[in-house]
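A short worksheet on the structure shown next.
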Amino acid sequence: MNDFQLAISEKVTEALFTQLRDNFSVSHSDSGSFGPFSASYSAGIKLQNGKIDFQNNGTVLIKELDIVYDPLKLTFGIDIPKVTVGGFCIIPKPWGGCALRAPKKTFFGGNPDISVPLDLSGIITTEISASCSAKMKHFDDPANAGLTPWKANALGKSDRWQLFLEPGYVDIDLIDIADTAGNLIDSMVDAAVDQLLGFLPGWARSLVKAILGSFSSLIRKLLDIGDDVQEWLSNMLGVSLGLFNFAVQMVLEYFADKYPIFEFDDPYPMLPTAPGPGGSGALVPVLMPVQSPDITVNDKEMVISASLGVI
(Lines of atoms letter the chains of each structure in order from A and count residues from 1; the text may use other names and numbers.)
(Lines give C-alpha, C1' and ligand atoms only; values in the text may rest on other atoms or scores of the structure.)
Protein backbone atom coordinates (compact mmCIF):
# COMPACT_ATOMS: atom_id res chain seq x y z
CA MET A 1 0.00 0.00 0.00
CA ASN A 2 1.30 3.44 -0.95
CA ASP A 3 1.53 6.11 1.74
CA PHE A 4 1.83 9.10 -0.56
CA GLN A 5 1.47 10.19 -4.18
CA LEU A 6 3.02 13.09 -6.06
CA ALA A 7 1.44 14.15 -9.36
CA ILE A 8 3.45 16.18 -11.88
CA SER A 9 1.68 17.71 -14.87
CA GLU A 10 3.00 17.65 -18.41
CA LYS A 11 3.42 21.43 -18.32
CA VAL A 12 5.55 21.30 -15.16
CA THR A 13 7.63 18.45 -16.57
CA GLU A 14 8.27 20.44 -19.74
CA ALA A 15 9.40 23.43 -17.67
CA LEU A 16 11.82 21.17 -15.76
CA PHE A 17 12.99 19.64 -19.05
CA THR A 18 13.58 23.10 -20.54
CA GLN A 19 15.77 24.11 -17.62
CA LEU A 20 17.75 20.89 -17.95
CA ARG A 21 18.04 21.34 -21.73
CA ASP A 22 19.40 24.87 -21.39
CA ASN A 23 22.08 23.70 -18.95
CA PHE A 24 23.46 21.13 -21.40
CA SER A 25 26.86 22.08 -22.84
CA VAL A 26 29.59 19.79 -24.16
CA SER A 27 32.86 20.59 -25.95
CA HIS A 28 34.59 18.00 -28.10
CA SER A 29 37.35 17.74 -30.69
CA ASP A 30 38.63 14.96 -32.92
CA SER A 31 40.57 14.37 -36.12
CA GLY A 32 41.18 11.81 -38.83
CA SER A 33 43.35 11.12 -41.88
CA PHE A 34 41.74 10.31 -45.21
CA GLY A 35 44.44 9.76 -47.82
CA PRO A 36 45.21 13.04 -49.58
CA PHE A 37 43.83 15.13 -46.74
CA SER A 38 43.31 15.17 -43.01
CA ALA A 39 40.46 16.80 -41.10
CA SER A 40 39.97 17.95 -37.54
CA TYR A 41 37.18 19.72 -35.72
CA SER A 42 36.46 21.53 -32.51
CA ALA A 43 32.80 21.71 -31.52
CA GLY A 44 30.57 23.11 -28.83
CA ILE A 45 27.32 21.16 -28.52
CA LYS A 46 24.12 22.75 -27.20
CA LEU A 47 20.40 21.97 -27.15
CA GLN A 48 17.43 23.98 -28.40
CA ASN A 49 13.68 23.54 -28.81
CA GLY A 50 12.07 20.19 -28.02
CA LYS A 51 8.79 19.34 -26.30
CA ILE A 52 7.56 16.88 -23.69
CA ASP A 53 4.52 14.76 -24.59
CA PHE A 54 3.05 12.28 -22.08
CA GLN A 55 1.79 9.07 -23.70
CA ASN A 56 -1.01 6.76 -22.59
CA ASN A 57 1.31 3.77 -22.97
CA GLY A 58 3.27 4.96 -19.92
CA THR A 59 6.15 6.61 -21.77
CA VAL A 60 7.35 10.20 -22.06
CA LEU A 61 8.10 11.45 -25.57
CA ILE A 62 10.85 14.01 -26.14
CA LYS A 63 9.88 15.57 -29.46
CA GLU A 64 12.05 17.40 -32.00
CA LEU A 65 14.97 18.26 -29.76
CA ASP A 66 17.64 20.13 -31.73
CA ILE A 67 21.34 19.50 -31.19
CA VAL A 68 23.15 22.64 -32.31
CA TYR A 69 26.88 22.76 -33.05
CA ASP A 70 28.10 26.21 -32.09
CA PRO A 71 30.96 26.85 -32.34
CA LEU A 72 32.00 24.31 -34.98
CA LYS A 73 35.42 24.84 -36.52
CA LEU A 74 36.57 22.36 -39.16
CA THR A 75 40.13 22.39 -40.51
CA PHE A 76 41.44 20.51 -43.55
CA GLY A 77 45.09 19.71 -44.12
CA ILE A 78 45.56 19.08 -47.83
CA ASP A 79 48.47 17.32 -49.56
CA ILE A 80 48.99 18.57 -53.12
CA PRO A 81 50.75 16.29 -55.63
CA LYS A 82 54.42 17.23 -55.77
CA VAL A 83 55.35 19.34 -58.80
CA THR A 84 58.87 19.96 -60.09
CA VAL A 85 59.46 22.75 -62.60
CA GLY A 86 62.64 23.95 -64.29
CA GLY A 87 65.84 21.95 -64.51
CA PHE A 88 65.74 21.82 -68.30
CA CYS A 89 68.84 22.53 -70.35
CA ILE A 90 69.26 26.09 -71.65
CA ILE A 91 72.72 25.76 -73.25
CA PRO A 92 73.72 22.27 -74.34
CA LYS A 93 77.37 21.33 -74.73
CA PRO A 94 78.47 20.46 -78.27
CA TRP A 95 80.05 17.21 -77.11
CA GLY A 96 77.03 16.24 -74.97
CA GLY A 97 75.70 17.22 -71.60
CA CYS A 98 74.47 20.65 -70.51
CA ALA A 99 76.43 23.80 -69.90
CA LEU A 100 73.56 25.74 -68.32
CA ARG A 101 70.31 24.55 -66.86
CA ALA A 102 67.22 26.49 -65.80
CA PRO A 103 66.67 26.70 -62.05
CA LYS A 104 64.95 23.61 -60.70
CA LYS A 105 62.26 24.00 -58.08
CA THR A 106 59.99 21.45 -56.35
CA PHE A 107 56.68 22.65 -54.97
CA PHE A 108 54.21 21.07 -52.55
CA GLY A 109 56.59 18.84 -50.66
CA GLY A 110 54.99 19.52 -47.30
CA ASN A 111 52.66 17.31 -45.28
CA PRO A 112 50.18 18.89 -45.38
CA ASP A 113 50.91 21.57 -47.97
CA ILE A 114 48.09 23.82 -46.83
CA SER A 115 45.73 24.05 -43.86
CA VAL A 116 42.31 25.50 -44.61
CA PRO A 117 39.75 26.41 -41.90
CA LEU A 118 35.99 26.18 -42.34
CA ASP A 119 33.69 27.87 -39.81
CA LEU A 120 30.35 26.03 -39.64
CA SER A 121 29.21 27.52 -36.32
CA GLY A 122 25.45 27.51 -35.87
CA ILE A 123 24.46 26.28 -39.33
CA ILE A 124 24.27 22.52 -38.65
CA THR A 125 21.57 20.86 -36.57
CA THR A 126 20.80 17.29 -35.57
CA GLU A 127 17.19 16.65 -34.54
CA ILE A 128 16.20 13.78 -32.28
CA SER A 129 12.96 12.45 -30.83
CA ALA A 130 13.00 9.77 -28.14
CA SER A 131 10.41 7.59 -26.45
CA CYS A 132 11.52 7.47 -22.81
CA SER A 133 10.69 5.50 -19.71
CA ALA A 134 10.44 7.50 -16.49
CA LYS A 135 12.81 5.86 -14.00
CA MET A 136 13.45 6.53 -10.32
CA LYS A 137 17.06 5.94 -9.23
CA HIS A 138 18.49 6.21 -5.74
CA PHE A 139 21.54 8.40 -5.23
CA ASP A 140 23.64 7.62 -2.17
CA ASP A 141 25.41 10.89 -1.43
CA PRO A 142 29.03 10.09 -0.44
CA ALA A 143 29.20 13.45 1.35
CA ASN A 144 26.95 12.19 4.17
CA ALA A 145 29.13 9.24 5.17
CA GLY A 146 29.21 9.06 8.96
CA LEU A 147 26.41 11.62 9.38
CA THR A 148 23.05 10.99 11.01
CA PRO A 149 20.04 11.52 8.70
CA TRP A 150 19.18 14.71 10.61
CA LYS A 151 22.71 16.11 10.30
CA ALA A 152 22.81 15.27 6.59
CA ASN A 153 19.44 17.00 6.16
CA ALA A 154 20.65 20.10 7.95
CA LEU A 155 23.74 20.25 5.72
CA GLY A 156 21.81 19.61 2.49
CA LYS A 157 23.60 16.29 1.98
CA SER A 158 20.77 13.77 2.22
CA ASP A 159 20.51 10.84 -0.13
CA ARG A 160 18.03 11.43 -2.94
CA TRP A 161 15.54 9.74 -5.20
CA GLN A 162 16.07 11.05 -8.73
CA LEU A 163 13.75 10.96 -11.74
CA PHE A 164 15.41 10.31 -15.11
CA LEU A 165 14.07 10.00 -18.65
CA GLU A 166 15.62 6.82 -20.01
CA PRO A 167 15.43 6.71 -23.83
CA GLY A 168 14.23 3.56 -25.53
CA TYR A 169 13.34 4.12 -29.19
CA VAL A 170 15.23 7.08 -30.67
CA ASP A 171 14.53 8.74 -34.02
CA ILE A 172 17.50 10.71 -35.37
CA ASP A 173 17.42 13.17 -38.24
CA LEU A 174 21.17 13.27 -38.58
CA ILE A 175 21.68 16.65 -40.16
CA ASP A 176 20.02 19.84 -41.27
CA ILE A 177 22.47 22.13 -43.05
CA ALA A 178 21.68 25.73 -43.87
CA ASP A 179 21.81 26.74 -47.53
CA THR A 180 24.76 29.00 -46.76
CA ALA A 181 27.00 25.93 -46.40
CA GLY A 182 27.56 25.81 -50.17
CA ASN A 183 28.87 29.37 -50.19
CA LEU A 184 31.15 28.58 -47.25
CA ILE A 185 32.62 25.62 -49.13
CA ASP A 186 33.22 27.82 -52.19
CA SER A 187 34.96 30.40 -50.00
CA MET A 188 37.07 27.67 -48.42
CA VAL A 189 38.18 26.40 -51.84
CA ASP A 190 39.03 29.95 -52.96
CA ALA A 191 41.08 30.46 -49.80
CA ALA A 192 42.91 27.21 -50.45
CA VAL A 193 43.82 28.30 -53.98
CA ASP A 194 45.06 31.67 -52.71
CA GLN A 195 47.16 29.90 -50.09
CA LEU A 196 48.56 27.51 -52.67
CA LEU A 197 49.55 30.02 -55.31
CA GLY A 198 50.29 33.10 -53.23
CA PHE A 199 53.92 32.22 -52.52
CA LEU A 200 54.83 31.17 -56.09
CA PRO A 201 56.83 33.48 -58.34
CA GLY A 202 55.02 34.48 -61.50
CA TRP A 203 57.07 32.30 -63.84
CA ALA A 204 56.40 29.20 -61.74
CA ARG A 205 52.69 29.90 -61.23
CA SER A 206 51.91 29.49 -64.93
CA LEU A 207 53.91 26.27 -65.15
CA VAL A 208 52.23 24.75 -62.10
CA LYS A 209 48.80 25.68 -63.41
CA ALA A 210 49.65 24.08 -66.73
CA ILE A 211 50.69 20.87 -64.97
CA LEU A 212 47.88 20.56 -62.41
CA GLY A 213 45.07 22.32 -64.24
CA SER A 214 42.27 24.11 -62.34
CA PHE A 215 43.24 24.44 -58.70
CA SER A 216 39.61 24.79 -57.61
CA SER A 217 38.79 21.50 -59.30
CA LEU A 218 41.90 19.93 -57.77
CA ILE A 219 40.96 20.96 -54.22
CA ARG A 220 37.43 19.65 -54.68
CA LYS A 221 38.78 16.39 -56.08
CA LEU A 222 41.26 15.91 -53.24
CA LEU A 223 38.54 16.56 -50.65
CA ASP A 224 36.06 14.45 -52.64
CA ILE A 225 33.52 17.30 -52.70
CA GLY A 226 30.73 16.31 -55.08
CA ASP A 227 27.79 18.29 -56.40
CA ASP A 228 25.80 17.76 -53.19
CA VAL A 229 27.65 19.82 -50.57
CA GLN A 230 25.18 18.95 -47.82
CA GLU A 231 25.67 15.23 -48.38
CA TRP A 232 29.46 15.69 -48.38
CA LEU A 233 29.40 17.62 -45.09
CA SER A 234 27.03 15.08 -43.55
CA ASN A 235 29.32 12.20 -44.49
CA MET A 236 32.46 14.06 -43.39
CA LEU A 237 31.19 15.10 -39.96
CA GLY A 238 28.81 12.23 -39.30
CA VAL A 239 30.51 9.19 -40.81
CA SER A 240 34.21 10.00 -41.20
CA LEU A 241 34.67 12.04 -38.00
CA GLY A 242 31.77 10.62 -35.95
CA LEU A 243 30.61 13.95 -34.53
CA PHE A 244 26.86 13.30 -34.76
CA ASN A 245 26.98 9.89 -33.09
CA PHE A 246 29.07 11.37 -30.28
CA ALA A 247 26.64 14.26 -29.78
CA VAL A 248 23.54 12.04 -29.74
CA GLN A 249 25.19 9.66 -27.27
CA MET A 250 26.08 12.54 -24.94
CA VAL A 251 22.51 13.87 -25.03
CA LEU A 252 20.93 10.48 -24.33
CA GLU A 253 23.30 9.81 -21.43
CA TYR A 254 22.65 13.29 -20.07
CA PHE A 255 18.92 12.65 -19.66
CA ALA A 256 19.15 8.94 -18.85
CA ASP A 257 21.76 8.91 -16.11
CA LYS A 258 23.63 12.14 -15.45
CA TYR A 259 21.10 14.87 -14.63
CA PRO A 260 17.63 14.12 -13.24
CA ILE A 261 14.47 15.92 -14.28
CA PHE A 262 13.36 15.98 -10.65
CA GLU A 263 14.66 14.78 -7.28
CA PHE A 264 13.71 14.74 -3.60
CA ASP A 265 15.49 13.91 -0.34
CA ASP A 266 15.48 10.45 1.19
CA PRO A 267 14.57 10.38 4.03
CA TYR A 268 12.01 13.04 3.20
CA PRO A 269 11.33 15.86 5.72
CA MET A 270 7.60 15.40 6.32
CA LEU A 271 7.79 18.15 8.96
CA PRO A 272 10.60 20.71 8.72
CA THR A 273 12.74 22.06 11.54
CA ALA A 274 10.59 24.20 13.83
CA PRO A 275 11.17 26.35 16.94
CA GLY A 276 10.45 24.62 20.21
CA PRO A 277 7.67 25.73 22.57
CA GLY A 278 8.48 28.86 24.48
CA GLY A 279 11.69 29.39 22.58
CA SER A 280 13.19 26.27 24.12
CA GLY A 281 15.23 25.49 21.00
CA ALA A 282 14.64 24.01 17.57
CA LEU A 283 12.73 20.78 17.06
CA VAL A 284 14.41 18.38 14.68
CA PRO A 285 12.57 17.68 11.41
CA VAL A 286 10.43 14.58 11.06
CA LEU A 287 12.24 12.43 8.49
CA MET A 288 10.69 9.40 6.83
CA PRO A 289 12.47 7.06 4.41
CA VAL A 290 10.86 6.79 0.98
CA GLN A 291 10.58 3.17 -0.07
CA SER A 292 10.02 1.55 -3.48
CA PRO A 293 8.78 4.57 -5.44
CA ASP A 294 6.79 3.71 -8.56
CA ILE A 295 5.89 5.86 -11.56
CA THR A 296 2.82 5.79 -13.75
CA VAL A 297 2.29 8.04 -16.76
CA ASN A 298 -0.84 8.89 -18.71
CA ASP A 299 -1.48 11.61 -21.26
CA LYS A 300 -2.24 14.15 -18.50
CA GLU A 301 0.22 13.61 -15.68
CA MET A 302 3.03 11.61 -14.15
CA VAL A 303 2.34 10.13 -10.71
CA ILE A 304 5.04 9.02 -8.25
CA SER A 305 3.75 6.66 -5.57
CA ALA A 306 5.75 5.32 -2.64
CA SER A 307 5.63 3.83 0.83
CA LEU A 308 7.12 5.51 3.87
CA GLY A 309 9.33 3.82 6.43
CA VAL A 310 10.59 4.67 9.87
CA ILE A 311 14.09 5.68 10.91
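Residues in the sequence shown are numbered consecutively from 2, following our numbering.
Don't be surprised by glycine CBs; every beta carbon is placed ideally from N, CA and C.
Beta-carbon proximity of residue i to residue j, cut-off 8 Å
| i | j | result |
| --- | --- | --- |
| L66 | N50 | yes |
| Q6 | V304 | yes |
| P150 | L288 | yes |
| F18 | I173 | no |
| G45 | S34 | no |
| I115 | I79 | yes |
| S30 | S39 | no |
| E264 | W162 | yes |
| E302 | I68 | no |
| L253 | V171 | yes |
| L21 | F77 | no |
| T345 | K105 | Because residue 345 is not part of the residues shown, which for the chain are 2 to 312, the question remains open. |
Where residue i falls, given that 16 or more other Cβ within 10 Å makes a residue buried
| i | result |
| --- | --- |
| L156 | exposed |
| F140 | exposed |
| P93 | exposed |
| C99 | exposed |
| T274 | exposed |
| N154 | buried |
| V311 | exposed |
| T297 | exposed |
| M237 | buried |
| P168 | buried |
| L101 | exposed |
| M137 | buried |
| L164 | buried |
| L272 | exposed |
| P95 | exposed |
Assumed close pair residue i, residue j - CB separation to whole angstroms, cut-off 8 Å
| i | j | result |
| --- | --- | --- |
| K47 | E15 | Not really, about 18 Å apart at Cβ, beyond 8 Å. |
| V159 | D266 | Inspection of the sequence shows that residue 159 is occupied by Ser rather than by Val. That pair is a contact at about 4 Å. |
| Y269 | V291 | 5 Å |
| T127 | V249 | 7 Å |
Residue i at chain D interface by Cβ criterion, 8 Å
| i | result |
| --- | --- |
| Y42 | Absent from the structure: chain D. Only one protein chain is present. |
### Task
Starting from the N-terminal side, write out each stretch of the alpha helix (DSSP H) that is 4 residues or longer and does not extend beyond the region 93-164.
Runs found: 150-155.
### Message
For the pair the region 134-150 and the region 231-245, tell me if three or more CB-CB distances fall below 8 Å.
### Response
Between the region 134-150 and the region 231-245 there are fewer than three C-beta pairs closer than 8 Å, too few to call the two in contact.
### Stretch-stretch touch, CB-based, cutoff 8 Å, three pairs: the region 67-74 with the region 122-136
yes
### Query
Hey, is the region 129-139 in contact with the region 249-260, meaning 3+ C-beta pairs nearer than 8 Å?
Yes: the two stretches touch, three or more of their Cβ pairs being nearer than 8 Å.
### Query
Which ranges does the beta strand (DSSP E) cover as unbroken runs of at least 3 residues, wholly within the region 4-55, from first to last along the chain?
5-10, 27-34 and 38-55
### Message
Quick check for students: name the residue ranges of the alpha helix (DSSP H) that lie wholly in the region 228-276, counting only runs of 4 or more.
### Response
230-235 and 244-254
### Length at least 4, wholly inside the region 286-310: the alpha helix (DSSP H) runs in chain order
As far as the region 286-310 is concerned, it has no whole alpha helix (DSSP H) run of at least 4 residues.
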